[in-house]
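Be aware that the sequence shown starts at 150, since it is given in the numbering used here, and climbs by one per residue.
C-beta atoms are modelled at their ideal positions from N, C-alpha and C, and glycine is treated no differently.
Only a predicted model underlies this, so the values are computations on that prediction, with no experimental measurement involved.
First up is the structure itself, then whatever we jot down about it.
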Amino acid sequence: MVGSVPPKHTLAQDEVFGPLLVTMPFEGEEEGIELANNTVYGLVSGVWTKDGGRQLRVARRLKSGQVFINNYGAGGGVELPFGGVKLSGHGREKGFEALYGFSVTKTVAIHHGAS
150 MVGSVPPKHT LAQDEVFGPL LVTMPFEGEE EGIELANNTV YGLVSGVWTK
200 DGGRQLRVAR RLKSGQVFIN NYGAGGGVEL PFGGVKLSGH GREKGFEALY
250 GFSVTKTVAI HHGAS
């Protein structure tokens, strides 16, 4: 755990894959959302609050591919799409969204009748 990381610090700006928790103090919901979105990455976000209205309000405003509320890492099975936004990933893994990435749609219209 690394506490009180400044917003422009590498740990606050880059994706860190490992057993590391970085904390950044903030005052209020608006500042917290701004800090969370102030990076070129957007893979996963986490929100901890018992307030149901706040949970959904904040989740909608976070620029990330997944938002976990009051848990973290519960990625589910193959039915839940996974992927980031901004510079985090390309497209989606899992779910129908992943299948669409490997598909090309085509419309074929056939007239069966007198011309």
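Expressed to the nearest angstrom, what Euclidean distance is found between the alpha-carbon atoms of residue i and residue j?
| i | j | result |
| --- | --- | --- |
| VAL234 | GLY214 | 5 Å |
| GLU164 | THR188 | 9 Å |
| ASP200 | GLU242 | 30 Å |
| THR159 | THR172 | 13 Å |
| HIS260 | VAL253 | 23 Å |
| GLY181 | TRP197 | 12 Å |
| ASN186 | ALA258 | 45 Å |
| ARG203 | ALA161 | 23 Å |
| THR256 | GLY250 | 18 Å |
If you run the structure through DSSP and keep just helix, strand and coil, what is residue i?
| i | result |
| --- | --- |
| PHE245 | helix |
| ILE218 | strand |
| GLY202 | helix |
| VAL189 | coil |
| VAL154 | coil |
| VAL257 | coil |
| VAL165 | coil |
Residue i: which of the options sits nearest, CA to CA?
| i | options | result |
| --- | --- | --- |
| VAL207 | ARG241, GLY238 and GLU178 | GLU178 |
| LEU248 | PRO230, VAL216 and MET150 | PRO230 |
Would you mind sorting residue i into buried or exposed? The rule is 16 or more other CB atoms within 10 Å of its CB.
| i | result |
| --- | --- |
| ALA263 | exposed |
| GLY167 | exposed |
| GLY240 | exposed |
| GLY232 | buried |
Am I right that residue i and residue j are in contact with their C-beta atoms under 8 Å? What's the rounded C-beta distance?
| i | j | result |
| --- | --- | --- |
| SER237 | GLY191 | 5 Å |
| PRO269 | LEU184 | Outside the shown range of the chain (150 to 264) lies residue 269, about which nothing can therefore be said. |
| SER194 | LEU170 | At roughly 14 Å, the Cβ-Cβ gap does not stay under 8 Å, so SER194 and LEU170 are not in contact. |
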